[in-house]
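**Student:** I have a structure I would like to understand better, so I am pasting it below and will then ask my questions one at a time.
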Amino acid sequence: MPIFALAGDAVQTALQAFAQEAEAQFQINVFWIIAQAASFVLFLVIVYLVAFRRIGGVLEERRQRIEDGLRDADQARVDREQAAAERLKVLAEARSEAEETLARAQRLAEESRERDLAETRAELEQMRERAAADIVAEKERALAEVRNQVADLALAAAARVVGETMSGEREKRLVEEFLAQVGKDSARPN
Numbered sequence: 001m002p003i004f005a006l007a008g009d010a011v012q013t014a015l016q017a018f019a020q021e022a023e024a025q026f027q028i029n030v031f032w033i034i035a036q037a038a039s040f041v042l043f044l045v046i047v048y049l050v051a052f053r054r055i056g057g058v059l060e061e062r063r064q065r066i067e068d069g070l071r072d073a074d075q076a077r078v079d080r081e082q083a084a085a086e087r088l089k090v091l092a093e094a095r096s097e098a099e100e101t102l103a104r105a106q107r108l109a110e111e112s113r114e115r116d117l118a119e120t121r122a123e124l125e126q127m128r129e130r131a132a133a134d135i136v137a138e139k140e141r142a143l144a145e146v147r148n149q150v151a152d153l154a155l156a157a158a159a160r161v162v163g164e165t166m167s168g169e170r171e172k173r174l175v176e177e178f179l180a181q182v183g184k185d186s187a188r189p190n
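For the sequence shown, the positions run 1 to 190 when my numbering is used.
Now the structure itself:
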């Protein structure tokens, strides 16, 4: 037992020394608390100045870029809608101009066709008039030829009946009188 007694005394002495030391170590030192608080505040200020301010600037930049991107996207959407509306307007104008051009071309073609028809009709009328004039001229020439032959026959018959030859002036006068008489007779209605 002496060993146990010695060991118990040693443990008891160690516990007392530890308790005294623990009491001595657990004292509140206000200076150290203030110094630790000041160093912590100084650490926070340095971290804020070095890291958080830069991080805040980067975050602010990023926020600004996002807002600018959203504004640009909205503006692009508005521009795209305006471009689409303008494209539709230009297409409608082009369609309208094409329809006007087509109508004008059809109108010009119709006018040209009418003009060509009128010219063709005029040419046909002129050809008909020329043909009628040619027929009248040919008829008059034929009549004149027939008159000349009739006059020659009449003079020949008259020369036989009279038994003498006639002079050129007398023949002409008689032929003219005869032709005038035949013209009057043919002008009378039957």
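All residues carry an ideal CB built from backbone N, CA and C; glycine is no exception.
Helix, strand or coil, according to DSSP, for Ile-135 in the structure here?
**Tutor:** Numbered from its first residue, the sequence shown carries residue 135 at position 135. Three-state result, Ile-135: helix.
**Student:** What does the alpha-carbon distance come out to for the pair Leu-155 and Arg-128?
**Tutor:** Position 155 of the sequence shown, counting from 1, holds the residue named residue 155. Position 128 of the sequence shown, counting from 1, holds the residue named residue 128. Cα-Cα distance, rounded: 39 Å.
**Student:** State the DSSP-derived secondary structure class of Ile-28, mapped to helix, strand or coil.
**Tutor:** Along the sequence shown, read from residue 1 onward, the residue named residue 28 stands at position 28. Here Ile-28 sits in coil by DSSP.
**Student:** Please specify which runs of the alpha helix (DSSP H), each continuous and at least 4 residues long, are wholly inside the segment 29-104, giving them in chain order.
**Tutor:** Complete alpha helix (DSSP H) runs here, min 4: 30-47.
**Student:** Might you give, ordered along the chain, the residues of its own chain that have their beta carbon closer than 8 Å to the beta carbon of Arg-71, omitting 5 neighbours on each side?
**Tutor:** As a position in the sequence shown, residue 71 is number 71, starting the count at 1. Cβ within range, chain order: n/a, list empty.
**Student:** Any heavy atom of the ligand ATP closer than 8 Å to the beta-carbon of Ala-103?
**Tutor:** As for the ligand ATP, it is missing from this structure, which has no ligand bound.
**Student:** Indicate whether Phe-178 and Ala-151 have their beta-carbon atoms separated by less than 9 Å.
**Tutor:** What you label residue 178 is simply residue 178 of the sequence shown in a count that begins at 1. What you label residue 151 is simply residue 151 of the sequence shown in a count that begins at 1. Going by C-beta atoms, Phe-178 is nearer than 9 Å to Ala-151.
**Student:** Quick one: what's got a C-beta closer than 6 Å to Arg-170's C-beta in the same chain, skipping five residues either side?
**Tutor:** Within the sequence shown, the letter at position 170 stands for residue 170. There are no such residues.
**Student:** Given this structure, state the Cα-to-Cα distance separating Arg-113 from Gln-106, to the nearest angstrom.
**Tutor:** Residue 113 sits at position 113 when you count from the first residue of the sequence shown. Residue 106 sits at position 106 when you count from the first residue of the sequence shown. Roughly 10 Å between the two C-alpha positions.
**Student:** Keeping to the same chain, check which residues put their C-beta closer than 6 Å to that of Val-182; ignore five residues upstream and five downstream.
**Tutor:** For the purposes of this step, residue 182 is identified with residue 182 of the sequence shown, where counting begins at 1. Answer for Val-182: no residue qualifies.
**Student:** Measuring straight from C-alpha to C-alpha, what distance separates Gln-16 and Ile-28?
**Tutor:** Against the sequence shown, residue 16 aligns to sequence position 16. Against the sequence shown, residue 28 aligns to sequence position 28. Taking the straight line joining both Cα atoms gives about 21 Å.
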